[in-house]
Amino acid sequence: DAGVIQSPRHEVTEMGQEVTLRCKPISGHDYLFWYRQTMMRGLELLIYFNNNVPIDDSGMPEDRFSAKMPNASFSTLKIQPSEPRDSAVYFCASSFNRVNGYTFGSGTRLTVV
Amino acid sequence: SQQGEEDPQALSIQEGENATMNCSYKTSINNLQWYRQNSGRGLVHLILIRSNEREKHSGRLRVTLDTSKKSSSLLITASRAADTASYFCATVLYNNNDMRFGAGTRLTVKP
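If you're matching them up, the sequences are chains F and C in order.
Using this note's numbering, the letters of the first sequence map in sequence onto residues 85 to 197.
Using this note's numbering, the letters of the second sequence map in sequence onto residues 840 to 950.
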């Protein structure tokens with residue numbers, strides 16, 4: 085297995101534009117997590133899915149953020165409209181369950197100018 | 840919100856020396872995990888210690904857990920330049936299985 089695959093690796097966009105981040109979890113993992121990492125706030129859990137169903141989105145900062153998981157092998161995190169304060173590294177992770185180790189993707193570094 | 844706090848924030852040592860990083864947390868846990876993050880990469884799971892365990896080893900890694908003090912330590916023995924990375928502790932909360940990450944310790948191993 086190639087691990088958790090995220091795309092793009094880097095994204096630079098202008099304020100107000102829509103941004104879509106993509107993730108392919110490890111096959112067989114029932115849980116998928118979206119995290120955001122910044123120097124100021126560290127790693128924050130945004131949302132997680134179990135068997136493609138969103139379970140807890142309380143970490144999503146505001147309505148500009150949305151996430152979907154249409155099938156077991158694909159998830160998206162969308163920001164619309166984007167703002168400079170959304171600049172961060174966004175990680176996707178997957179796992180068999182919530183209590184054991186997570187496998188992280190390489191992240192998407194988002195810069196909103 | 841962060842549950843664990845790592846100490847120190849940064850650590851610089853010579854190759855061959857041992858590196859010790861500490862993690863403190865606030866609430867009851869199911870288990871505690873340590874992850875490594877190389878610059879520009881995702882986190883990599885290193886080791887998991889359950890709340891009923893006190894010590895665990897994996898290669899050059901030794902993890903201890905003291906639930907009475909709500910603290911854990913990660914010891915890397917005979918460090919190598921390739922161990923240079925940030926190390927994060929993550930706690931799985933007992934009440935809801937949420938995983939919370941600390942702010943991390945930045946380890947630099949000089950060749």
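Glycine included, C-beta positions come from ideal geometry on N, C-alpha and C.
These numbers were taken from a predicted model, which means no experiment stands behind them.
Among F:A86, F:H113, F:G185, nearest to L882 of chain C - alpha-carbon criterion: F:G185
Suppose contacts are defined by Cβ-Cβ distances below 7 Å. Is A177 of chain F in contact with F117 of chain F by that definition? yes
Minimum Cβ-Cβ distance from V183 of chain F to chain C less than 7 Å: yes
Please name the residue in C:A921, C:A924, C:C928, C:D922 whose C-alpha comes closest to that of S910 of chain C. C:C928
Helix, strand or coil for P138 of chain F per DSSP? strand
Is it buried or exposed for V197 of chain F, if we count other Cβ within 10 angstroms and need 16 for buried? exposed
Please list the segments of the alpha helix (DSSP H) lying wholly inside the segment 130 to 178 of chain F, counting only runs of 4 or more residues, in order along the chain. none
Say whether chain C places a C-beta atom closer than 7 Å to the C-beta of F175 of chain F. yes
Cβ shell of S159 of chain F (< 6 Å), same chain only, five flanking positions each side left out: C107, L116, M153
Distance cutoff 7 Å, beta carbons only. Does G191 of chain F sit that close to anything in chain C? yes
Closer than 7 Å by beta-carbon distance: list the chain F residues that pair up with G881 of chain C, in chain order. F175, F188, G189, S190, G191
Hey, could you find the ends of the beta strand (DSSP E) Y115 of chain F is sitting in? 115 to 122
Distance, N136 of chain F Cα to V931 of chain C Cα: 22 Å
6 Å CB neighbourhood of S840 of chain C in its chain, flanking five on each side removed: In this predicted model, S840 of chain C has a pLDDT of only 47, less than 50, meaning its place in the structure is not dependable enough to derive any value.
With a threshold of 6 Å on Cβ separation, who are the neighbours of R901 of chain C within its own chain once the five nearest residues in sequence on each side are excluded? L914
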